[in-house]
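Asker: I am attaching a structure below and will ask some questions about it afterwards.
In this note's numbering, the protein residues as written are 208 to 725.
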């Protein structure tokens, strides 16, 4: 098996080119054969470092990527396998990682995944048992040698050799979404991400923003810039927010519409733009590019690479051709008027003090301070109370009262492992279709949820705005939240909190009942 991708990306002057291929639905259909044909051309051409193979992109069903990945490996070409959490629980993801290690397909792009769409029997049930930060942490444990606890003796598996990456979007329009993308990126890196790939966008300044964020994090992780070779029909779909995480502004769509009127319907302009984007990304410091596009042919890929290298010496000349700002879009850094990129100076944030009264959060914040801050106010008496009623008759009444109040205020799902304190009292189980506890996914758009655009806000947006009113927005998403504990479902989360049974116990140093008895 080749390890060219990880070797080149980690070289001081290394620059990788990856090409995203979509195997699609079926086993021996035209789409799978086409992917193998393109991969064969790429292997022979030796300009593409690795092909990346999707895992049900857009929530649409397709063949599992490792099957095609193994065939491509026989061609002598490296692969990156997309691995997402949308269709698999933590055990199934563990099983898939065993299979990938055995197959020698060890380059992984770990993602939460797009919400599932239609299936052969209708829309499938989404899973989202864990998120991308948890998956990356699982992969890290595999690389150390996974420890399997048993009754008598712990089993330690042989260390794996995964090279795992993560995705990030620097193309968010609102402050809340963008800041939280970067805080989640920090978690992904802490969980073991070894490279990052951006989502799709056409704003050079936002590409540059990500590099400055990584620099200011003092993080040396290599970043790969996404170049989607786009035409008007696909641009129109992205502009209407039908492909999660992809941003095409009205101004850029108008440009694509102009190009469509040419004799070749914009094909030459499409390829030239991709070559210029290649040059810009390489020039500004990305360690590679990630090429994609509908019906993109190998000859076009080869031209983009060759032309992009040719243009890279003068990459600054093309920056203003990628000046597609979103309307009222948020930027983390001040603009550099000379280059069109960013100065390494943070912009002054707009104050949140003018936000209106939020009765729900005001009440929640008051009760939190009174009852849920360890060793303060009524925390001690409440802990004594739940210790007395646990496992006895009053526990059921206590649980009913708790759930009734929380269902009314927060759309509580009675999970028993409550994350309200982690999300400024916006329930991720009842209000986020993906149950995200470690920050937002990349599918939100202008503050709206990927699944319910124009109907529901991404839960992390009101959570951020609630805390910003008190100057506490930096506390949001500042620590890792462990996967949901299904053993606690339909039990009292308050009892579990006070007795140190839920996910907050370790972070807040809450003792269990057994600890107290020692």
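Quick reminder that beta carbons are idealized off the backbone N, C-alpha and C, glycines included.
Can you name the start and end residues of the alpha helix (DSSP H) that residue 593 belongs to?
Answerer: For this step, residue 593 is matched to residue 386 along the chain shown. Counting along the chain, the alpha helix (DSSP H) containing residue 593 begins and ends at 586 to 596.
Asker: With distances taken Cα to Cα, identify the nearest neighbour of residue 663 among 652, 671 and 673.
Answerer: As a first step, residue 663 is located in the chain shown; it is residue number 456 there, counting from the start. It is 652.
Asker: Where does the unbroken alpha helix (DSSP H) through residue 510 begin, and where does it stop?
Answerer: As a first step, residue 510 is located in the chain shown; it is residue number 303 there, counting from the start. Counting along the chain, the alpha helix (DSSP H) containing residue 510 begins and ends at 505 to 518.
Asker: Would the beta-carbon of residue 319 fall within 8 Å of that of residue 648?
Answerer: Residue numbering aside, residue 319 sits at position 112 when the chain shown is read from its first letter. Residue numbering aside, residue 648 sits at position 441 when the chain shown is read from its first letter. It is a contact, given that the beta carbons lie within the stated cut-off.
Asker: Near residue 221, which residues of its chain fall below 6 Å by C-beta distance, leaving aside the five closest residues on each side in sequence?
Answerer: Counting from one through the chain shown, the residue named residue 221 turns up at place 14. 215.
Asker: Going by C-alpha to C-alpha distance, which of 695, 660, 627 and 693 sits closest to residue 322?
Answerer: For this step, residue 322 is matched to residue 115 along the chain shown. Ranking the options by Cα distance to residue 322, first place goes to 660.
Asker: When the Cα of residue 364 is compared with those of 370, 355, 545 and 371, which residue comes out closest?
Answerer: As a working mapping, residue 364 is identified with position 157 in the chain shown. Residue 355 is the option with its Cα nearest to residue 364.
Asker: When you compare only the Cα positions, how much space is there between residue 549 and residue 414?
Answerer: Taking the chain shown and counting its residues from 1, the one referred to as residue 549 is at position 342. Taking the chain shown and counting its residues from 1, the one referred to as residue 414 is at position 207. Whole-angstrom Cα-Cα distance: 10 Å.
Asker: Counting only the same chain and skipping the five closest in sequence on each side, list residues whose C-beta sits under 6 Å from that of residue 680.
Answerer: Start at 1 with the first residue of the chain shown, and residue 680 comes out as number 473. Here the set comprises 671 and 674.
Asker: What's the gap between the Cα of residue 726 and the Cα of residue 283?
Answerer: What is shown of the chain runs 208 to 725, which leaves residue 726 out entirely.
Asker: Compare the Cα-Cα distances from residue 252 to each of 509, 570 and 368 and report the closest residue.
Answerer: Locating residue 252 in the chain shown gives position 45, counting from the first residue. Checking every option, the nearest Cα to that of residue 252 belongs to 509.
Asker: Between the beta-carbon of residue 646 and the beta-carbon of residue 387, is there less than 8 Å?
Answerer: Along the chain shown, read from residue 1 onward, the residue named residue 646 stands at position 439. Along the chain shown, read from residue 1 onward, the residue named residue 387 stands at position 180. In this structure, the beta-carbon distance from residue 646 to residue 387 falls below 8 Å.
Asker: According to DSSP, what are the bridge partners of residue 336?
Answerer: Counting from 1 along the chain shown, the entry for residue 336 is found at position 129. DSSP lists no partner for residue 336.
Asker: Are the beta-carbon atoms belonging to residue 515 and residue 412 less than 8 Å from one another?
Answerer: The count along the chain shown starts at 1 and reaches residue 515 at position 308. The count along the chain shown starts at 1 and reaches residue 412 at position 205. In this structure, residue 412 does not lie closer than 8 Å to residue 515 by Cβ.
Asker: Leaving aside the five residues before and after residue 314 along the sequence, list all residues of the same chain whose C-beta is less than 6 Å from its C-beta, in chain order.
Answerer: As a working mapping, residue 314 is identified with position 107 in the chain shown. Counting only Cβ-Cβ distances below 6 Å, and skipping sequence neighbours, we find 212, 287 and 370.
Asker: What's the C-alpha gap between residue 353 and residue 330?
Answerer: Locating residue 353 in the chain shown gives position 146, where the first residue counts as 1. Locating residue 330 in the chain shown gives position 123, where the first residue counts as 1. Residue 330 has its alpha-carbon roughly 35 Å from the corresponding atom of residue 353.
Asker: Using 8 Å as the threshold, is the C-beta distance between residue 473 and residue 438 below it?
Answerer: Sequence index remark: in the chain shown, residue 473 carries index 266 (1-based). Sequence index remark: in the chain shown, residue 438 carries index 231 (1-based). In this structure, residue 438 lies closer than 8 Å to residue 473 by Cβ.
Asker: DSSP state of residue 413, grouped into three classes?
Answerer: Position 206 of the chain shown holds residue 413. In the structure shown, residue 413 sits in a helix (DSSP, three-state: H, G or I).
Asker: Quick check on the DSSP output: the beta strand (DSSP E) that includes residue 315 runs from which residue to which?
Answerer: Here residue 315 refers to the residue found at position 108 of the chain shown. Here the beta strand (DSSP E) through residue 315 covers 314 to 318.
Asker: If we ignore side chains and look at the alpha-carbon of each, how far apart do residue 383 and residue 688 end up?
Answerer: On the chain shown, position 176 is the one that residue 383 refers to. On the chain shown, position 481 is the one that residue 688 refers to. C-alpha of residue 383 to C-alpha of residue 688: approximately 19 Å in a straight line.
Asker: Rounding to the nearest angstrom, what Cα-Cα distance links residue 504 and residue 227 in this structure?
Answerer: Here the question's residue 504 lines up with position 297 in the chain shown. Here the question's residue 227 lines up with position 20 in the chain shown. Using only the alpha carbons, I get a separation of about 12 Å.
Asker: So residue 625 and residue 700 are in contact, right, with Cβ under 8 Å, and what is the actual spacing, rounded?
Answerer: The residue labelled residue 625 in the question sits at position 418 within the chain shown. The residue labelled residue 700 in the question sits at position 493 within the chain shown. That belief holds up - the Cβ atoms of residue 625 and residue 700 are roughly 4 Å apart, short of 8 Å.
Asker: Would you call the segment 229 to 249 in contact with the segment 293 to 306, where contact means no fewer than 3 C-beta pairs closer than 8 Å?
Answerer: With the cut-off at 8 Å, the segment 229 to 249 and the segment 293 to 306 do not touch.
Asker: Since residue 198 sits in a beta bridge, which residues does DSSP pair it with?
Answerer: Residue numbering for the chain in the displayed model covers 208 to 725; residue 198 lies beyond these limits and cannot be assessed.
Asker: When the distance is taken between beta carbons, is residue 270 closer than 8 Å to residue 311?
Answerer: The sequence position of residue 311 within the chain shown is 104, counting from 1. The sequence position of residue 270 within the chain shown is 63, counting from 1. Result no, Cβ atoms of residue 311 and residue 270 do not sit closer than 8 Å.
Asker: Taking the straight line between their C-alpha atoms, what separation do you get for residue 512 and residue 485?
Answerer: By 1-based counting over the chain shown, the position of residue 512 is 305. By 1-based counting over the chain shown, the position of residue 485 is 278. Distance between the alpha carbons of residue 512 and residue 485 is about 7 Å.
Asker: From residue 297 to residue 336, what distance separates their C-alpha atoms?
Answerer: Mapped onto the chain shown, residue 297 falls at position 90. Mapped onto the chain shown, residue 336 falls at position 129. If I take the Cα positions, the gap works out to 6 Å.
Asker: Under three-state DSSP, which class holds residue 354?
Answerer: In the chain shown, residue 354 corresponds to position 147, counting from 1. Residue 354: strand per DSSP, three-state reduction.
Asker: Pick helix, strand or coil for residue 247, following the three-state DSSP scheme.
Answerer: As a first step, residue 247 must be located in the chain shown, where it is residue number 40. Correct three-state label for residue 247: helix.
Asker: Tell me which residue opens and which closes the beta strand (DSSP E) that residue 431 is part of.
Answerer: Locating residue 431 in the chain shown gives position 224, where the first residue counts as 1. Where residue 431 is concerned, the enclosing beta strand (DSSP E) stretches over 430 to 435.
Asker: Three-state secondary structure (DSSP) at residue 282?
Answerer: Residue numbering aside, residue 282 sits at position 75 when the chain shown is read from its first letter. DSSP places residue 282 in coil when its eight states are reduced to three.
Asker: So the beta strand (DSSP E) residue 441 belongs to, where does it begin and stop?
Answerer: The residue labelled residue 441 in the question sits at position 234 within the chain shown. No beta strand (DSSP E) contains residue 441, which is instead part of the alpha helix (DSSP H) from 439 to 446.
Asker: Based on DSSP bridge pairs, tell me the residues matched to residue 228.
Answerer: Taking the chain shown and counting its residues from 1, the one referred to as residue 228 is at position 21. Beta-bridge pairing links residue 228 to 260.
Asker: On the DSSP letters alone, give me the boundaries of the beta strand (DSSP E) that residue 750 sits inside.
Answerer: Since the first residue shown for the chain is 208 and the last is 725, residue 750 is missing from the structure and cannot be characterised.
Asker: Does the distance from the CB of residue 435 to the CB of residue 500 come in under 8 Å?
Answerer: Within the chain shown, residue 435 is the residue found at index 228, counting from 1. Within the chain shown, residue 500 is the residue found at index 293, counting from 1. Result yes, Cβ atoms of residue 435 and residue 500 sit closer than 8 Å.
Asker: Looking only at its own chain, which residues have a Cβ that is under 7 Å from the Cβ of residue 607, when we skip the five neighbours before and after it?
Answerer: Your numbering for residue 607 matches position 400 in the chain shown. Hits under 7 Å: none found.
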